[in-house]
Amino acid sequence: MCLAVPHTLVEITGPSTAIGRAGTIEVEIRTDLIENPSPGDCVLVHAGFAIERLQPEEASEIDALWEEIRAISGTPQHE
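Those letters in the sequence shown? Residues 38 to 116, by our numbering.
Rendered as structure tokens:
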């Protein structure tokens with residue numbers, strides 16, 4: 038099974054790299070697979086690659102589902 042997590046692009050750091058934020062975590066993301074990434078874009082990230090641009094509403098829905106899974110599983114929230 039593959040998992041993808043929504044991130045918001047915070048900064049474009051190179052021709053095909055960016056910093057993305059999911060909750061309080063910031064990571065480097067490859068942006069080769071999406072056109073014209075910009076800070077503020079919501080993207081779906083799998084294996085370090087932005088694979089799809091999302092509407093903010095879609096990203097919020099997915100985040101809410103991940104939060105439900107976290108709460109049910111008893112996994113601690115990242116600070």
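Idealized CB from N, CA, C, for every residue including glycine.
Query, Result
"With a 10 Å radius around its C-beta and 16 neighbouring C-beta atoms as the bar for buried, classify proline 74 as buried or exposed.", "buried"
"The beta strand (DSSP E) spanning alanine 108 covers which residue range?", "Where alanine 108 is concerned, there is no enclosing beta strand (DSSP E), although the alpha helix (DSSP H) it sits in stretches over 93 to 110."
"Give the C-beta separation of valine 80 and arginine 90 to the nearest angstrom, bearing in mind that I take them to be a contact with Cβ-Cβ under 8 Å.", "6 Å"
"Using three-state DSSP, classify isoleucine 88 as helix, strand or coil.", "strand"
"From valine 47 to isoleucine 66, what does the alpha carbon distance come to, in whole angstroms?", "10 Å"
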